[in-house]
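Participant: In this text, residue positions in the sequence shown follow our numbering: the first is 85, and each later residue adds one.
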Amino acid sequence: MVPKLEVKGLCYSYHTMEGETQALSNISFQADAGEFLAVVGPSGCGKSTLLSLISGLLSPDAGQILVDGHPVHRGNAAIGYMLQRDHLFEWRSILRNASLGLEIQNQLDESRKEKVSTLLKAYGLELFSNSRPSELSGGMRQRAALIRTLALEPELLLLDEPFSALDYQTRLSVCDDISSIIRSTKKTAVLVTHDLSEAVSAADRILILTNRPARIKGQLSITFPGGETSPLKRRNCPEFSSYFNQVWKILQNDTAESLEVSHETV
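Quick look at the structure:
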């Protein structure tokens with residue numbers, strides 16, 4: 085079976101007047117249909133760059149990125165990208181914000197308008213369809229942003245720190261809500277996060293990256309008793325701390341190796 089996402093030998097460098105900075109080096113992995121993948125690594129190692137490459141916003145220096153066996157390209161309708169902030173427009177209602185992607189692509193016919201309204205109802209925003217973004221909580225705004233993404237019916241969802249702007253309590257609740265929505269729609273998802281607890285609580289598998297230039301340091305499959313997928317419930321399972329410690333240990337080993345290399349260089 086062809087994986088939903090396949091990344092092979094991916095390399096990317098940033099070029100400035102000062103020179104070249106290698107961000108990613110020989111990254112290879114795949115995600116199957118319906119899999120929830122989390123990507124963690126040291127700050128600045130290139131996690132967000134990886135998502136920009138998968139989305140087609142950037143072009144790799146080397147390697148391949150395939151979705152359903154086909155090379156990705158800019159504007160690929162099969163890929164939805166949810167950013168750190170909701171980017172809802174205050175002058176548009178929540179309904180019109182959720183419909184914006186369809187409107188831009190000239191796909192906002194009556195059937196799709198009805199679908200957006202159905203999504204708002206299903207995810208608890210029906211009563212706020214005519215509200216402005218400023219009238220909603222941060223968590224509700226993030227749900228509206230996800231509905232805007234889902235309305236385009238992507239096969240692959242890319243999530244770049246989508247909960248980082250929320251306070252801790254809201255972040256836990258919204259992570260649980262959005263993870264549930266993604267799993268109920270059977271979408272394949274790639275989540276980039278700095279929060280190891282978030283990765284363990286939400287993902288089926290975690291990719292752990294090294295310091296820049298990022299390579300894959302390790303992978304960890306995540307399973308909880310009874311097939312539990314709720315992030316909030318997973319946090320209360322005894323397995324949670326074990327997975328967290330495994331990821332932390334791999335990251336700490338990488339940091340120690342980097343310090344040793346720096347010392348030897350000096």
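The beta-carbon is built from N, C-alpha and C at its ideal position, and this holds for glycine as well.
Would residue 88 pass as a contact of residue 152 if the rule is Cβ separation under 8 Å?
Facilitator: Against a cut-off of 8 Å, the Cβ pair of residue 152 and residue 88 comes out as a contact.
Participant: Would you identify the three-state DSSP class for residue 129, choosing helix, strand or coil?
Facilitator: Reduced to three states, the DSSP call for residue 129 is coil.
Participant: What first and last residue would you give for the beta strand (DSSP E) that runs through residue 225?
Facilitator: Note, residue 225: premise wrong, no beta strand (DSSP E); alpha helix (DSSP H) at 222 to 234.
Participant: If you scan the region 137 to 213 from start to end, which runs of the alpha helix (DSSP H) of 4 or more residues do you find wholly inside it?
Facilitator: List check, alpha helix (DSSP H) in window: 178 to 182, 184 to 188 and 194 to 206.
Participant: Please report the straight-line C-alpha distance between residue 295 and residue 195, rounded to a whole angstrom.
Facilitator: Computed Cα separation, rounded: 47 Å.
Participant: Classify residue 249 as helix, strand or coil using the three-state DSSP reduction.
Facilitator: Residue 249: coil per DSSP, three-state reduction.
Participant: For a quick check, are the C-beta atoms of residue 183 and residue 172 less than 8 Å apart?
Facilitator: Taking 8 Å as the Cβ cut-off, residue 183 and residue 172 do not qualify as a contacting pair.
Participant: Can you list, in chain order, the residues of its chain with a C-beta nearer than 7 Å to that of residue 332? Leave out the 5 residues immediately preceding and following it.
Facilitator: Cβ within range, chain order: 280.
Participant: Quick check on this structure: which residue in 168, 258 and 288 has the alpha carbon closest to the alpha carbon of residue 312?
Facilitator: Out of 168, 258 and 288, 288 has the C-alpha closest to the C-alpha of residue 312.
Participant: Are residue 275 and residue 115 touching if we call contact CB-CB under 8 Å?
Facilitator: No, they are not a contact pair.
Participant: Does DSSP put residue 271 in a helix, in a strand, or in coil?
Facilitator: Note: residue 271 maps to coil in three-state DSSP.
Participant: Could you please give me the residues that DSSP links to residue 244 through a beta bridge?
Facilitator: The partner list for residue 244 (beta bridge, DSSP) reads 276.
Participant: In three-state DSSP terms, what is residue 255?
Facilitator: Helix.
Participant: Once the 5 residues before and after residue 94 are set aside, which same chain residues still bring their CB inside 8 Å of it?
Facilitator: Closer than 8 Å at Cβ, skipping near neighbours: 108, 110, 111, 112, 134, 137, 144, 146, 147, 148 and 149.
Participant: CA-CA distance, residue 229 and residue 139?
Facilitator: Cα to Cα, residue 229 sits roughly 17 Å from residue 139.
Participant: State whether the region 243 to 256 contacts the region 199 to 219, with contact taken as three or more CB pairs (one from each stretch) at a distance under 8 Å.
Facilitator: Because the criterion of three Cβ pairs below 8 Å is not met, the region 243 to 256 and the region 199 to 219 do not touch.
Participant: Which one of 317, 118, 255 and 218 has the shortest CA to CA distance from residue 270?
Facilitator: Cα-wise, what sits closest to residue 270 is 118.
Participant: Looking at the secondary structure, which residues open and close the beta strand (DSSP E) in which residue 88 lies?
Facilitator: It is not in any beta strand (DSSP E) - residue 88 carries neither H nor E in the DSSP assignment.
Participant: Leaving aside the five residues before and after residue 126 along the sequence, list all residues of the same chain whose C-beta is less than 6 Å from its C-beta, in chain order.
Facilitator: Once the five neighbours on either side are set aside, the close Cβ partners of residue 126 are 295.
Participant: Over what stretch of residues does the alpha helix (DSSP H) that includes residue 318 continue unbroken?
Facilitator: Taken as a continuous stretch (DSSP letters only), the alpha helix (DSSP H) holding residue 318 covers 315 to 318.
Participant: Report the rounded CA-to-CA distance for residue 92 versus residue 155, giving the unit in angstroms.
Facilitator: Straight-line Cα distance between these residues: approximately 11 Å.
Participant: May I ask which residues mark the beginning and end of the beta strand (DSSP E) holding residue 306?
Facilitator: Where residue 306 is concerned, there is no enclosing beta strand (DSSP E), given that its DSSP letter is neither H nor E.
Participant: Among 225, 197, 245 and 124, which residue has its Cα nearest to the Cα of residue 336?
Facilitator: For residue 336, the nearest C-alpha among the options comes from 124.
Participant: Find the nearest neighbour of residue 278 within the set 264, 266, 243 and 261, judged by alpha-carbon distance.
Facilitator: Looking at the Cα atoms, 243 is the closest of the given residues.
Participant: Whose C-alpha, out of 220, 218 and 266, is nearest the C-alpha of residue 241?
Facilitator: Answer by Cα proximity: 266.
Participant: Within its chain, find whatever has a CB closer than 8 Å to the CB of residue 348; leave out the 5 residues flanking it on each side and keep chain order.
Facilitator: Bear in mind that the predicted position of residue 348 carries a pLDDT of just 37, short of 50, making it too unreliable to give a figure here.
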